[in-house]
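Student: Read top to bottom, the protein sequences are chains H and X. Just so we're aligned, residue 0 is where the first sequence starts under numbering that gives the first Met the number 0, counting upward by one. Just so we're aligned, residue 0 is where the second sequence starts under numbering that gives the first Met the number 0, counting upward by one.
Protein chains: 2
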Amino acid sequence: MFGRYNKVQRAVLETTLGIIIRKELQATSMALIAKESGVSTGSIYHYFQSKEEIVNELYRAIVAFNGEYVREGLTQGATLREKFEAGWRRVVDLGLKYPAGFQFIEQYSFSPYIYDDVRLAAYTGGWCEPMNRLYADAIARKLFVPMNPKMMVQMHYGTFVYLLKANLHEIYALDEDSIGEAIRSCWNAVLLPEAAGAQL
Amino acid sequence: MFGRYNKVQRAVLETTLGIIIRKELQATSMALIAKESGVSTGSIYHYFQSKEEIVNELYRAIVAFNGEYVREGLTQGATLREKFEAGWRRVVDLGLKYPAGFQFIEQYSFSPYIYDDVRLAAYTGGWCEPMNRLYADAIARKLFVPMNPKMMVQMHYGTFVYLLKANLHEIYALDEDSIGEAIRSCWNAVLLPEAAGAQL
DNA sequence: ATAATTAGAATGAACATTCGATCTAAACTG
DNA sequence: CAGTTTAGATCGAATGTTCATTCTAATTAT
């Protein structure tokens with residue numbers, strides 16, 4: 000997740016992520032980060048300009064990681080249906096395998112704490128754009144209902160976010176079957192009835 | 000929204016909500032609340048035990064308000080399809096008419112800042128439970144796919160949350176048509192193909 | 001030896017909360 | 001009814017703590 004950083008930076012970023020998710024940004028003090036990461040405050044400030052900068056760097060790193068992971072899924076599979084399945088499965092996987100990163104992005108993607116340019120870069124550098132293109136193509140091919148593709152992607156992302164959130168907070172347990180059903184239900188939600196039988 | 004509170008409490012709660020949404024909890028100081036609400040810090044502490052208490056009270060009040068609003072929608076309409084439509088339409092309405100309240104709940108429903116008992120009470124006092132029952136009935140009547148109803152409601156809620164979020168942040172503009180389409184697409188997502196023609 | 005790195009105490013600002021002083025108005029008294 | 005008491009409400013300055021950040025000295029690597 001933090002491959003391109005050095006040992007100290009990695010320790011700081013990992014620790015900060017852990018504390019933010021365990022507690023809150025509010026309760027995430029530099030003293031605590033220093034203590035838990037084993038890096039003194041002096042050193043932290045040698046590598047990062049400010050606390051804000053750490054959080055924004057965290058955001059950048061996770062978006063890049065998640066983006067790459069989901070984009071890779073989108074290239075798998077020959078048919079639209081397979082790409083759709085693989086893409087969203089990767090999104091769910093991220094939430095299950097890297098819950099802290101997932102929750103962090105979830106929590107900060109609209110927060111004023113994240114610099115505007117970082118947020119903007121996330122949109123183009125993440126997996127949003129390729130997924131939008133997949134949907135736009137499907138609409139052009141008259142397979143999906145003619146809605147705004149951005150809107151459709153956003154809606155489906157919301158579906159999986161909430162599925163994962165509830166799983167994370169132990170409202171229910173998410174298993175392989177439920178994930179498959181959730182993806183199928185999203186597919187049904189946007190598939191044009193006329194296209195139901197065709198080769199996709 | 001804050002009908003059952005007195006003038007001072009209302010001013011404090013409204014102001015706090017406004018600041019939290021405009022800024023962050025982090026940046027929401029008692030001094031600022033006092034200044035903007037026109038109530039001195041001394042008086043604020045006469046009516047509320049602590050800052051935490053204000054935020055939790057805010058949460059309670061908004062959940063109660065939203066719960067009543069959506070539950071009222073769920074009683075409208077004779078058929079399942081009409082109830083489904085009316086219920087989710089109310090959820091969307093809330094997001095459009097009371098964006099601050101909507102964003103607040105969105106942001107704090109899983110936050111450690113909210114006391115566990117308040118969060119729990121929200122679940123039973125809000126609209127979650129009646130909506131779950133609607134879905135459970137539809138599954139029992141073999142109209143909806145046999146998934147965990149809680150999961151289905153959670154998924155659909157996520158759909159609308161993200162639709163509203165993107166609208167709020169001006170990624171696109173949500174109009175009447177799109178809302179209708181979004182609700183229809185959720186309906187299609189869970190409707191059993193066999194049930195498609197029947198009277199619902 | 002020089003530059004980079006690390007450490008942790010020191011600094012100063014910001015903050016939640018408390019406190020004692022006023023103010024208001026209702027209740028009580030003669 | 002005028003005068004007095006009392007309980008609650010309001011205020012903002014004072015308090016003590018916490019926190020991000022800086023600074024200086026010490027350590028390590030080149």
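Just so it is clear, CB atoms sit at the ideal spot from N, CA and C, and this is done for glycine as well.
For the ligand FMN, any of its heavy atoms closer than 7 Å to the Cβ of residue 64/H?
Tutor: The ligand content of the structure shown is nil, which means the ligand FMN is not present either.
Student: Taking the alpha-carbon positions, what's the residue 8/X to residue 33/X distance?
Tutor: Separation of residue 8/X and residue 33/X (C-alpha to C-alpha, rounded to the nearest whole angstrom) is 12 Å.
Student: Using a beta-carbon distance below 8 Å, is residue 109/H in contact with chain X?
Tutor: yes
Student: Under 8 Å, Cβ to Cβ, is there at least one residue of chain H near residue 35/X?
Tutor: no
Student: Using a C-beta to C-beta distance shorter than 8 Å, which residues of chain H count as neighbours of residue 188/X?
Tutor: 184, 185, 187 and 188
Student: Name, going along the chain, the residues of the segment 150 to 171 of chain H whose beta-carbon falls closer than 7 Å to a beta-carbon of chain X.
Tutor: Within the segment 150 to 171 of chain H, the residues whose Cβ lies closer than 7 Å to some Cβ of chain X are 150, 153, 154, 156, 157, 158, 160, 161, 162, 164, 165, 168, 170 and 171, listed in chain order.
Student: Can you give me the C-alpha to C-alpha distance between residue 89/X and residue 39/H, rounded to a whole angstrom?
Tutor: Residue 89/X and residue 39/H: Cα-Cα distance of roughly 51 Å.
Student: Buried or exposed, going by whether 16 or more other CB atoms sit within 10 Å of the CB of residue 141/X?
Tutor: exposed
Student: Check whether the Cβ of residue 24/X lies closer than 8 Å to any Cβ atom in chain H.
Tutor: yes
Student: Residue 28/H versus chain X: which residues are under 9 Å apart at the beta carbon?
Tutor: Residues of chain X passing the Cβ test: none, with the nearest at roughly 12 Å.
Student: Going by the CB atoms, is the gap between residue 157/H and residue 157/X shorter than 8 Å?
Tutor: yes
Student: Which parts of the segment 36 to 114 of chain X are runs of the alpha helix (DSSP H), unbroken and 4 residues or longer, counting only runs that do not cross its ends?
Tutor: 40 to 46, 50 to 74, 79 to 96 and 98 to 107
Student: Residue 24/H by DSSP, collapsed to three states: which one?
Tutor: Coil, per DSSP.
Student: Residue 177/H touches chain X at which residues, Cβ-Cβ below 9 Å?
Tutor: Simply 146, 147 and 150.
Student: At 7 Å on the CB atoms, spell out the chain X contacts of residue 112/H, in chain order.
Tutor: Chain-order list of chain X residues neighbouring residue 112/H: 23, by C-beta distance under 7 Å.
Student: With a threshold of 8 Å between beta-carbons, can residue 181/X be considered close to chain H, or not?
Tutor: yes
Student: Going by beta carbon distance, what residues of the same chain come within less than 8 Å of residue 37/H, once the five residues before and after it are set aside?
Tutor: 10
Student: Do residue 25/X and residue 25/H have their beta-carbon atoms positioned less than 8 Å apart in this structure?
Tutor: yes
Student: Do the segment 61 to 79 of chain X and the segment 109 to 126 of chain X make contact, defined as three or more Cβ pairs closer than 8 Å?
Tutor: yes
Student: Using C-beta distances below 6 Å, list every residue in its chain close to residue 76/H, excluding the 5 sequence neighbours before and after it, in chain order.
Tutor: 82 and 85
Student: Considering residue 144/H, what are the terminal residues of the alpha helix (DSSP H) in which it resides?
Tutor: From DSSP, residue 144/H is part of no alpha helix (DSSP H); its letter is neither H nor E.
Student: Which residue's Cα is closest to the Cα of residue 95/X: 175/X, 2/X and 183/X?
Tutor: Distances from the CA of residue 95/X to each of 175/X, 2/X and 183/X were compared; the closest alpha carbon is that of 175/X.
Student: Do you know offhand how far residue 111/X's Cα is from residue 103/H's?
Tutor: 14 Å
Student: How would you label residue 72/X, buried or exposed, when you count the other beta carbons within 10 angstroms and need 16 or more for buried?
Tutor: buried
Student: So if DSSP puts residue 31/H in a beta bridge, which residue, or which two residues, is it bridged to?
Tutor: Partner residues in a beta bridge of residue 31/H, as assigned by DSSP, do not exist.
Student: Which of helix, strand or coil does DSSP assign to residue 173/X?
Tutor: The answer is coil: DSSP assigns residue 173/X none of H, G, I, E or B.
Student: Along the chain, where does the alpha helix (DSSP H) containing residue 131/H start, and where does it finish?
Tutor: 127 to 139
Student: Rounding to the nearest angstrom, what Cα-Cα distance links residue 182/X and residue 151/H in this structure?
Tutor: Cα to Cα, the separation comes out at about 12 Å.
Student: For my contact list, residue 99/X and residue 20/X are in at a C-beta cut-off of 8 Å; report their separation, rounded to the angstrom.
Tutor: 5 Å
Student: Spatial neighbours of residue 144/H within its chain, please: CB distance less than 7 Å, with the 5 preceding and 5 following residues excluded, ordered by chain position.
Tutor: 189 and 191
Student: Return the Cβ separation of residue 58/X and residue 18/X in integer angstroms, given the expectation that the two are a contact with Cβ distance under 8 Å.
Tutor: Actually they do not touch by this definition, with Cβ atoms about 15 Å apart.
Student: Would you kindly work out how many angstroms separate the C-alpha atoms of residue 78/H and residue 162/H, rounded to a whole number?
Tutor: 25 Å
Student: Nearest to residue 52/H by CA position, among 129/H, 115/H, 194/H and 134/H, is which residue?
Tutor: 115/H
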